[in-house]
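Chains as they are written, first to last, in our numbering: chain A, 7 to 320; chain B, 2 to 282; chain C, 837 to 1110.
From the three backbone atoms N, C-alpha and C, an ideal C-beta is built for every residue, glycine too.
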Amino acid sequence: MTRIVLVRLAWMLPILFGVSVVAFALMRALPGDFAQAAAGTTDLSPEALDTIRRGLGLDKPIWAQYLLWLGGLASGDFGSSFVTHKPVLGELLPRLAVTAELTLMAGAMAMVLGVFTGLASARLRGRTDWFVRGFNGLLLAVPNFVVATLIVLLAGLYFPELGIFNYTPFFTDPLGNLGSMLLPAFALALAVSVTISENTRAAVLEVSSQDFVMVARAKGLRPGAILRNYLVRNALTPVITVTGLQLASLLGGSILIETIFTIPGMGQYLFDSITSRDYPVIQAIVLVAAVIVLLVNVLVDVAYARVDARVSYG
Amino acid sequence: MVEARPVAEAPAPRKRRHLLLALGVVMLVTMLLVTAFGPWIAPYDAIATSPNSLAGPSAEHWLGTDSIGRDVLSRLIIGGRTTLLITFVAVSLAVAAGLVLGLVSGYVGGLADELIMRALDIVFAFPVFLLAIAVVAALGPTVPNLILTIAIVYTPIMARVVRAPVLSVKRWDHVEAARSVGVGELRIAIVHVLPMVVSPILVQTSLTLANTIFTVTALSFLGIGPPPPDPNWGGMLSEARQFMELAPLTVIGPAAAIVFATLTFIVLANGLRDLLDVGSH
Amino acid sequence: MATSDKPLLQVQRLSAQFTRDGVVSQVVKGISFDIAAGEAVGFVGESGCGKSVTARAMMRLAPEGSSVELGGEVRFDGQDLLQLREADMCNIRGQRIAMVFQDPMTSLNPVLSVGAQIDDIVSRHTGMSRAQARRRTVELLGLVGIRDAARRADDFPHQFSGGMRQRVLIAIAVSCQPELLIADEPTTALDVTVQAQILRLLLRLRQELGMALMLITHDFGVIAGMVERVYVMLDGQIVESGAVDDIFARPQHDYTRALLDAVPRLESAGRTRS
């Protein structure tokens, strides 16, 4: 078991390395002058510009800059924001927490919705199956930001008292916070729930045709018990892993949702930084997002390998 | 995000196979015709403003006007051109690159395979949308940059889809037999390998087209898509947010256009899948 | 065990018809047979002759997602099983009629311990508490020859060999002392050496518990020494039936002769003793 973990982690290292290089290179590949962007103004004497350049280490060869940057990362120094001049990490963490909350809520909703519809689709078949699959198919065609915008439109037209854009921080008002996150999380969850639904349906259908389910029926076990202990428990493992792999999609989608619902998360921070050309922040966010996705993928792989051992030894 | 179906299912009954594909083709042709002849069929100039702002649907303006009096329908038609152009070109590039990389990687194997796959994994590790945003932010939101970004972002999946059948075909008995008799590698590649690759690539291309519509419109929604004054669907949706309760069509119009385009490619993908009986990866 | 002149199981004109994609296939074409209480009967025929379908039809276990139409009567202790409500059929399955299937490698739930898979059928059909059920489970595992039963009850299927898994499945089948045990090709997927052990186990359990046994197989060699009567099936119909010794000595039907010829001589020579 630990061997599997180590193997997966080892596999991750070169990719992590590559990811860091890409994140670094992205921001150095800019048209125009990095130092100038740091200064935020073009109205500078060449000497002033030079000082900035040296301060940022831009006079050193590119690989040295990369190593410096990497070293800084290790000690938690993600650079300073060009806009606020404060350390990026400090600005990023609270926003990351908000995005994490949104993402987790969306993931949970997507799972509930997806598993429920997938299960219904697989067990009830017939019209239910057609309806669910048709609806899923249609839903796939509606991007999450379109869904979110339509939700805001509907709310504005028919439920004006709902107050959509009233995000409150968690520690100020936990219930209010959760309430304000409900619709955004839902908008984010819909697209992901389709994938989960399809996967659940397929997994349940596959498991239903297995011999051990037939044996369970031959034992005279009640349908409810068979569903719980034989069908769902076996079908859920692939479903959970698929959900984990949806994280990337959720993170990407959170940018759009946060922008639409004015939620101060990492996504909105990214967007703001792009607008204000705050390159250290962009760099940090891209890196953090990629690392999180990688870590979750590895976790999911490991979890699956562990369960798979039981299934594949046979 | 649109993904391939998880488990290979029994082939759909004959009639349904062709129905979906036919529907997809009809939708695609409609879209292409409308956007191709856009400048001639659009009732108004897409960027012409007028004092008649936020109007509801009427005989003059079928879908009303936006906040500065521009005709929504015309903007939708013209906006489609840029969106679809970027989409098709970018995906074509991704397919081409994916084909080359996948074929080389799968066929040559060994170190080349490892290196190529690792490199692609790195791109794969980034959430698609995040990467697209970052690259466009770095390079600047021009149409060529958008095309390039999207091509880069979707190349890995194409390469993977190509590589899989190549790997399995390589080991087929009659391919080994052909090789042992002295048939050249290139000929083997063309005669045996390429046909196996066509089906999955066609399906994946449709799926990627659908995903690209999402990415392009999402980027333009955030304001880093094709620059103004050309209209684009994502941008229209975003601008409409300010006054949307007053003129819901400014939201519903672009929303419907985006959904229609995405749906077209999804239907095509499913139609192709049913027709070609492709299990998914 | 019930003693009466009426057979425990009386099947009349049983038929089974599958419809798939508009194509109808008659897999069982109106067969009739019976099994007396405590009697052991063999069903022999090649793959596809309908013998397994017959067994599943009796238990009303249609494969998932396929539609099958059953005709005829399956009278078990006087009741026609084909007319029962599903809820009532559920009570009969596992408790009064039990089944052992062919492939032990895929017949156990991989995510539950083997103990849990015996506990659940025991508690389903009796009112036992968890502790009582577990005691019974351990007892059963010992009965089928699994050493260190108490500890092994917590192990998972993948930790057992094929032969051991089949023993577990047999333990599950006999757990509620059914009146009829249907064994569908119980040794086909096992190694030759293990086959004999499993057959001996079935024989012993049958004697100890007094169950009727319906042994389904394609191999006449398996039948010898296990059953009293034999039905030979071909293409959905019964082509010959009789006492096992009679069939072996004087096979009437060409097909029966062919099946008998297929058995390796050495084995049958050693086995025709009951």
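Which of helix, strand or coil DSSP assigns to residue i
i	result
C/Phe996	coil
C/Met1062	coil
C/Leu850	strand
C/Met935	strand
A/Leu15	helix
C/Ile867	strand
C/Ala1079	strand
C/Arg1109	Reliability of the predicted coordinates at C/Arg1109 is poor, the pLDDT of 45 falling under 50, and no value is obtained from them.
B/Leu86	helix
B/Ile123	helix
C/Val980	coil
B/Trp173	coil
C/His1089	coil
B/Ala43	coil
Beta-bridge pairing of residue i - partner residues as DSSP gives them
i	result
C/Ile1074	C/Met1069
C/Leu1051	C/Gly878, C/Ala1019
A/Pro93	A/Ser86
C/Gly907	C/Ser851
C/Gln862	C/Gln853
C/Gln915	C/Phe912
C/Arg929	C/Ile933
B/Thr66	B/Asp72
C/Leu845	C/Ile871, C/Phe912
Under 9 Å from the C-beta of residue i: neighbouring residues of chain B
i	result
A/Leu300	Ala126
C-alpha gap between residue i and residue j, whole angstroms
i	j	result
A/Ala398	B/Lys171	Residue 398 of chain A cannot be examined here, being either before or after the span of chain A that is shown, 7 to 320.
C/Arg1003	C/Leu1038	9 Å
A/Arg121	A/Thr178	Sequence inspection shows Val at residue 121 of chain A; the Arg mentioned does not correspond to that position. Distance between the alpha carbons of A/Val121 and A/Thr178: 33 Å.
A/Gly82	A/Val294	12 Å
B/Ala262	A/Leu145	13 Å
A/Leu305	A/Met117	18 Å
A/Ile263	A/Asp307	28 Å
C/Gln846	C/Ser888	17 Å
B/His282	B/Gln205	At B/His282 the pLDDT is 33, less than 50, meaning the model places this residue with poor confidence; the figure from the coordinates comes in the next sentence. Computed Cα separation, rounded: 10 Å.
A/Leu156	A/Pro149	11 Å
B/Ile191	B/Ala178	16 Å
C/Pro993	C/Gly999	11 Å
A/Leu55	A/Lys92	20 Å
C/Gln853	C/His1054	22 Å
C/Leu917	C/Glu905	14 Å
C/Ala1060	C/Arg892	24 Å
C/Leu1035	C/Ala1007	14 Å
C/Asp956	A/Leu227	8 Å
C/Phe1056	B/Glu115	55 Å
C/Glu1015	C/Gly874	8 Å
A/Ala197	C/Val864	47 Å
B/Val92	A/Leu79	35 Å
B/Phe127	C/Ala985	51 Å
A/Leu110	A/Asn142	22 Å
Interface partners of residue i on chain B, CB under 7 Å
i	result
A/Phe151	Ala219, Phe222
A/Pro33	It is Met, not Pro, that sits at residue 33 of chain A in the sequence shown. Under the 7 Å cutoff, chain B gives Ala139.
A/Val210	Residues of chain B passing the Cβ test: none, with the nearest at roughly 11 Å.
A/Leu257	Pro128, Leu131
A/Phe277	Leu223
Residue i: contacting residues in chain C (beta-carbon distance under 9 Å)
i	result
A/Ala126	Result: empty, since nearest Cβ-Cβ is about 16 Å, beyond 9 Å.
Listed by chain order, chain A residues near residue i by CB distance under 8 Å
i	result
B/Thr263	Leu146, Ala147, Val148, Pro149
C/Gln931	Gly226
B/Ile238	The sequence given here has Leu at residue 238 of chain B, not Ile. Result: Phe151, Val152, Thr155.
Partner residues on chain A for residue i, Cβ-Cβ distance less than 9 Å
i	result
B/Val30	Those do not exist, as B/Val30 stays about 18 Å from chain A at its closest Cβ, beyond 9 Å.
Listed by chain order, chain A residues near residue i by CB distance under 7 Å
i	result
B/Val136	Leu32
C/Ser943	Asp217, Phe218, Val221
Contacts that residue i makes with chain B (C-beta to C-beta distance below 8 Å)
i	result
A/Ile261	Phe130, Leu131, Ile134, Leu223
Residues of the stretch 241-259 of chain B in Cβ contact with chain A at a cutoff of 7 Å, in chain order, please. Listed by position along the chain: Arg242, Met245, Glu246, Pro249, Val252, Ala256, Ile259.
Practice problem: Could you list the residues in the stretch 279-290 of chain A with a C-beta less than 9 Å from some C-beta on chain B, going in chain order? | Solution: Within the stretch 279-290 of chain A, the qualifying residues are Ser279, Ile280, Thr281, Arg283, Tyr285, Ile288, Gln289.
So if I threshold CB-CB distances at 9 Å, which residues from the stretch 110-123 of chain B count as touching chain A?
Within the stretch 110-123 of chain B, the residues whose Cβ lies closer than 9 Å to any Cβ of chain A are, in chain order, Arg119, Ala120, Asp122, Ile123.
Task: Interfacial residues, the stretch 231-256 of chain A to chain C, with Cβ spacing under 9 Å - done: Against chain C - using a Cβ distance shorter than 9 Å - the residues of the stretch 231-256 of chain A are Ala231, Asn235, Tyr236, Arg239, Asn240, Thr243.
So if I threshold CB-CB distances at 7 Å, which residues from the stretch 63-92 of chain A count as touching chain B? Flagged: no residues at all.
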